[in-house]
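J.: Below you will find the structure I want to go over with you.
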Amino acid sequence: MSYVSQLLGENEEVVLVARQSWVVLLRAAVVDLIFVVIILAVAALAFGWSQGQPLTLALALLLLIPIGRFVWQVTRWRNREYIVTNRRVIQVDGTINKNVIDSSLEKVNDVRMTQSILGRLFDYGDVEILTASELGLNRFQRLTDPIKFKTAMLNEKEKLGFDELAAPAAPVSKPSEISI
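Structure (structure tokens):
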């Protein structure tokens, strides 16, 4: 059973699961690639590629740092999910320690979506949800397909309103007729 399915209430269904865009990994990849190139350049210029030199081995071990950092960034990215259910919006974050923030669709007041020109080209953007709860504002940054996310959330909020309207009303009792 997945972690998300454990969070769901009775009769609650997942409508959409979204992630941040792959673009968030781009910065980490570029930074780590620069470190790898620097380490390799230092190793090649200072010591050559002759085998058996302890310093060359140490520099090769240094390569594990940027590679490990990038693997960690990818793992964090894979474990960050944004979920729309028929009752709420849930943000799940964390690999070992989990952090869950949810907002009831009933309490959603406003939704703001922004996309930069790069966001429009690569189909990502920010979605801000203003709620009537204590948190007030939930910001989902660089979300893949933010239009689909916003539409799914607003459609479920609308359905929730119709469900409340369709609920059977309490029977109205007629006042008894009193003759004088």
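Residue numbers (this note's numbering): 11 to 190. All residues carry an ideal CB built from backbone N, CA and C; glycine is no exception. It should be emphasised that the depicted structure is a prediction, and the values quoted were computed from it without experimental measurement.
Quick check: is the beta carbon of Leu147 nearer than 9 angstroms to any beta carbon in chain C?
T.: In the displayed structure, chain C is absent; only one protein chain is listed.
J.: Is Asp42 buried or exposed, if buried means 16 or more other CB atoms sit within 10 Å of its CB?
T.: Numbered from its first residue, the sequence shown carries residue 42 at position 32. Asp42 should be labelled buried.
J.: For the segment 129–138 and the segment 152–164, state whether three or more C-beta atom pairs, one from each stretch, are separated by less than 8 angstroms.
T.: Contact holds: three or more Cβ-Cβ distances are below 8 angstroms.
J.: Given Val46, which residues of its chain have a CB within under 7 angstroms of its CB, disregarding the five upstream and five downstream residues?
T.: The residue you call residue 46 lines up with position 36 of the sequence shown. Closer than 7 angstroms at Cβ, skipping near neighbours: Leu73 and Pro76.
J.: Evaluate Thr124 with the Cβ neighbour count: other Cβ atoms within 10 Å of its Cβ, from every protein chain shown; 16 or more gives buried, anything less gives exposed.
T.: The residue labelled residue 124 in the question sits at position 114 within the sequence shown. With fewer than 16 Cβ atoms within 10 Å of its Cβ, Thr124 is classed as exposed.
J.: Report buried or exposed for Leu192, applying the criterion of at least 16 other Cβ atoms within 10 angstroms of its Cβ.
T.: Because the chain here runs from 11 to 190, residue 192 falls outside it and cannot be looked at.
J.: Alpha carbon to alpha carbon, how far is Glu168 from Leu175? Give it in angstroms, no decimals.
T.: For the purposes of this step, residue 175 is taken as residue 165 along the sequence shown, with counting starting at 1. For the purposes of this step, residue 168 is taken as residue 158 along the sequence shown, with counting starting at 1. Low local confidence applies: a pLDDT of 49 at Leu175 is under 50, so the model's placement there is unreliable, with the coordinate-based value given in what follows. Taking the straight line from one Cα to the other gives about 11 angstroms.
J.: Please name the residue, chosen from Val118, Ala39, Gln101 and Lys160, that lies closest to Val81 on a Cα-to-Cα basis.
T.: As a first step, residue 81 must be located in the sequence shown, where it is residue number 71. If we check each option's Cα against that of Val81, Ala39 comes out closest.
J.: Tell whether a beta-carbon distance below 9 angstroms holds between Ala28 and Tyr92.
T.: Locating residue 28 in the sequence shown gives position 18, counting from the first residue. Locating residue 92 in the sequence shown gives position 82, counting from the first residue. In this structure, Ala28 sits near Tyr92, with a CB-CB distance shorter than 9 angstroms.
J.: What did DSSP end up calling Gln83 once you bin it into helix, strand or coil?
T.: Numbered from its first residue, the sequence shown carries residue 83 at position 73. Here Gln83 sits in helix by DSSP.
J.: On a Cα-Cα basis, can you pick out the residue from Ser31, Val14 and Trp32 that is closest to Ile24?
T.: Here residue 24 refers to the residue found at position 14 of the sequence shown. The sequence shown places Val at residue 24, not Ile. Per the Cα distances, Val14.
J.: Is any heavy atom of the ligand COA found at a distance shorter than 8 angstroms from the C-beta of Val25?
T.: The ligand COA is absent from the structure shown, which contains no ligand whatsoever.
J.: Check Ala28 in the structure and name its three-state DSSP category.
T.: As a position in the sequence shown, residue 28 is number 18, starting the count at 1. Three-state DSSP puts Ala28 in a strand.
J.: Going by DSSP, what residue range makes up the alpha helix (DSSP H) through Ile127?
T.: Working through the sequence shown from its first residue, we reach residue 127 at position 117. Run containing Ile127: Ile127 to Phe132, per the alpha helix (DSSP H) assignment.
J.: Considering just the uninterrupted stretch of the alpha helix (DSSP H) at Leu2, what are its terminal residues?
T.: Since the first and last residues shown for the chain are 11 and 190, residue 2 lies out of range.
J.: Assuming Asn89 contacts Gly104 under a Cβ cut-off of 8 angstroms, what Cβ separation, rounded to an integer in Å, is found between them?
T.: Position 79 of the sequence shown, counting from 1, holds the residue named residue 89. Position 94 of the sequence shown, counting from 1, holds the residue named residue 104. With 8 angstroms as the limit, Asn89 and Gly104 qualify as a contact, their Cβ atoms being about 6 angstroms apart.
J.: Cutting at 6 angstroms between CB atoms, please list the residues of its own chain near Asn109, excluding the five before and the five after it.
T.: The sequence position of residue 109 within the sequence shown is 99, counting from 1. Hits under 6 angstroms: Asp103.
J.: Quick check: the Cα distance between Ser12 and Gln83, rounded to an integer number of angstroms?
T.: As a position in the sequence shown, residue 12 is number 2, starting the count at 1. As a position in the sequence shown, residue 83 is number 73, starting the count at 1. In a straight line, the C-alpha of Ser12 is about 21 angstroms away from that of Gln83.
J.: Identify every residue that forms a DSSP beta bridge with Met123.
T.: Residue numbering aside, residue 123 sits at position 113 when the sequence shown is read from its first letter. Answer is Val137.
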